[in-house]
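Here the working numbering is used: the sequence shown runs in plain steps of one and ends on residue 1266.
From the three backbone atoms N, C-alpha and C, an ideal C-beta is built for every residue, glycine too.
These numbers come from a predicted model, not from an experiment.
These notes concern the structure reproduced below.
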Amino acid sequence: MLRMRCSLYGIVLILLLLVGCAPDPKPSAPTPNSASPTVALEPAPKDTLQVVFFDVGQGDSALVVFPNGKTMLIDGGETDKGRRLVQKLGQIGVKQIDWLVATHPHSDHIGGLIQVLKSLPVGEVWDIAMAYESPIYRDFLLAVRNARTPDGKRPVFRKVRAGLTLTPARGVRVEALAPREPLLVGTRSDPNNNSLVFRIDAPGGSFLFTGDVEREGRQRLYAVRARLQADVLKVSHHGAANGTDKVFLGRVNPRVAVISVGAGNRYGHPHRETLALLQGMRVYRTDWHGDIVMRLGADKKLQITSTRRAPDSAAAAMQPSKPRIAGVVIGNRNSKVYHTPDCPRLPKPENRVRFRSAQEAERAGYRPHACVIGE
Ligand SMILES: [Zn+2]
Ligand SMILES: [Zn+2]
């Protein structure tokens, strides 16, 4: 009798744990009616190229499993997303990361990679290795130093520049298109503009990863006539208006666009202007679709599924987020940059100028700080 009661308790406990592990309910979404079937994350079938764009909230993270089983992890979201990311890699059956790629040193890209470096063997680390001071980038470099390859050595740390190519599996090619020496300086965001931009070409499809590259970085790609055309575009900078323009989309000419963005983010990503430019393409958003899984199998057809049912198809996916910065902003009269009132990098009190709104600051010739438009 006692034993039976214990096992009953056990079952109830397991049920409670299972409920506790269920994904958070998502913000109110319109009626589910998406063309994309929902799936659970699972290992890629043999001889298939699989790309998963993870839902890491406001940030970027994507995993490529090549047809020979080798793996490339591109960015890892913020630091607090690292544990969940490692769990998801486990669900996909990933036992090691052959290439761990940091597109640029902002925390919403490298933060979660720290936990990955602590949890899994890593073969090589790709980094743009620009001079950048931040506690998270320091932690990342420390985690790289302490990481181990599958055979217990230190991973290769590769400073990536345009021209680097890799053949990770037969018939598959990876090519870095940016950054180039000398790195760009004095742009709105040098880390964003020096993002690692690279393409993956496989039989039946091609992917373009853009990090958070902005206008100046794109212009350099045009200047060197980089080969940009790709079937799938990872939209730059979480769908911010400075991440995409008409000329760029004309050159990439994608069939499918993926926006990696957090629900209800304070920056209003993705911006209305970006979504307007993406009209007519299949748009996937991690805030709507969850983890987005793309597969290229032997039939060379691109198959797309997601872990969450998106709201009523394309129309809803094209809805911009509402920016959360309404009201007063604080300008710096020297740099002509404006901040949200709770920004940790507010100017010195004597340099502050108060504006009633972001619009008012912009009319006065001020530019937004990263706290306003995101990293
Ligand atoms: Zn960034
Ligand atoms: Zn970012």
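Closest by C-alpha distance to residue i, when choosing among the options
| i | options | result |
| --- | --- | --- |
| V992 | D938, E1066, L932 and N1225 | E1066 |
| A1114 | V1126, R1071 and R1064 | R1071 |
| E1274 | V1051, P1012 and V1126 | Residue 1274 lies beyond the residue range present for the chain, which begins at 892 and ends at 1266; the question has no answer from this structure. |
| D971 | R1049, N1037 and I1005 | I1005 |
| H1230 | Y1257, G1171, M1209 and S1212 | Y1257 |
| G1054 | V1088, P1211, L940 and N1223 | V1088 |
| N1133 | N1156, V1076, V1104 and P1240 | V1104 |
| F1100 | L940, T939 and F944 | F944 |
| K1137 | G1265, L1168 and W1179 | L1168 |
| D1233 | E1266, G1218 and E1241 | G1218 |
| G1095 | G984, V1123, G1130 and I1019 | V1123 |
| A1093 | H1260, L940 and A1249 | L940 |
| V1007 | Q949, R974 and M1021 | R974 |
| T1058 | Q949, T1196, S998 and K961 | K961 |
| R1064 | F1098, N1084 and R1199 | F1098 |
| A1060 | D966, Q949 and N959 | N959 |
| R1176 | W990, G1155 and L1033 | G1155 |
| E1015 | H997, E1107, G1043 and H1260 | G1043 |
| V1147 | A1131, G1102, A1208 and R1200 | A1208 |
| R1254 | T1196, V1220 and R1236 | V1220 |
| W1179 | V956, R1142 and S1151 | S1151 |
| L1140 | R1157, L1166 and Y1158 | L1166 |
| S952 | W1017, Q987 and G1003 | G1003 |
Buried versus exposed call for residue i [16 or more other C-beta atoms within 10 Å across all chains shown]
| i | result |
| --- | --- |
| C1262 | buried |
| P936 | exposed |
| S1226 | exposed |
| P918 | Note that P918 scores a pLDDT of 35, beneath 50, so its modelled location is shaky; the value from the coordinates is reported in the next line. It counts as exposed. |
| P928 | exposed |
| Q1120 | exposed |
| G1062 | exposed |
| R1090 | buried |
| A1252 | buried |
| I1264 | buried |
| T1056 | exposed |
| G911 | Residue confidence is low: G911 scores 36 on pLDDT, short of 50, so the model does not pin down where it sits. Its coordinate-derived value is still stated next. Result: exposed. |
| V942 | buried |
| G984 | exposed |
| E1241 | exposed |
| V1174 | buried |
| N924 | In this prediction, N924 scores a pLDDT of 35, lower than 50, which makes its location untrustworthy; no coordinate-derived value is stated. |
| P914 | Confidence at P914 is low in this model, with a pLDDT of 36, below 50, so its placement is unreliable and the value that follows should be read with caution. Burial call: exposed. |
| V1051 | buried |
| R1109 | buried |
| P1238 | buried |
| P1145 | buried |
| N1037 | exposed |
| E933 | exposed |
| E1266 | buried |
| D966 | buried |
| D938 | exposed |
Beta-ladder partner(s) of residue i, from DSSP
| i | result |
| --- | --- |
| G1096 | A1093 |
| E1024 | Answer by DSSP bridge pairing: none, since E1024 is not bridged. |
| S1197 | T929 and I1183 |
| R1245 | I1221 |
| R1050 | The question names Arg, yet the displayed sequence has Lys at residue 1050. Per DSSP, D1018. |
| Q941 | V956 and R1186 |
| A1067 | F1089 |
| T1056 | E1066 |
| T962 | V956 |
| Y1229 | G1222 and P1259 |
| L1124 | L1099 and A1148 |
| L1011 | Answer is none; L1011 lacks a bridge partner. |
| V1174 | A1148 |
| V992 | I965 and W1017 |
beta-carbon residue i near ligand 2 non-hydrogen atom, thresh 7 Å
| i | result |
| --- | --- |
| D1018 | no |
| G1159 | no |
| G950 | yes |
| D999 | yes |
| H1260 | no |
| H1128 | yes |
Give every residue whose Cβ lies closer than 5 Å to any heavy atom of ligand 3, listed in chain order. Judged by which ligands are present, ligand 3 is missing from the structure shown, whose ligands are ligand 1 and ligand 2.
For the pair the region 1017-1026 and the region 1106-1123, tell me if three or more CB-CB distances fall below 8 Å. Fewer than three beta-carbon pairs drawn from the region 1017-1026 and the region 1106-1123 are found closer than 8 Å, and the two stretches are therefore not classed as touching.
Three or more beta-carbon pairs under 8 Å between the region 1243-1255 and the region 1174-1188, yes or no? No: the two stretches stay apart, fewer than three of their Cβ pairs being nearer than 8 Å.
Taking 8 Å as the cut-off, does the region 1152-1164 touch the region 973-990 (at least 3 CB pairs, one atom from each stretch)? In short, these stretches do not touch, since the Cβ pair count stays below three.
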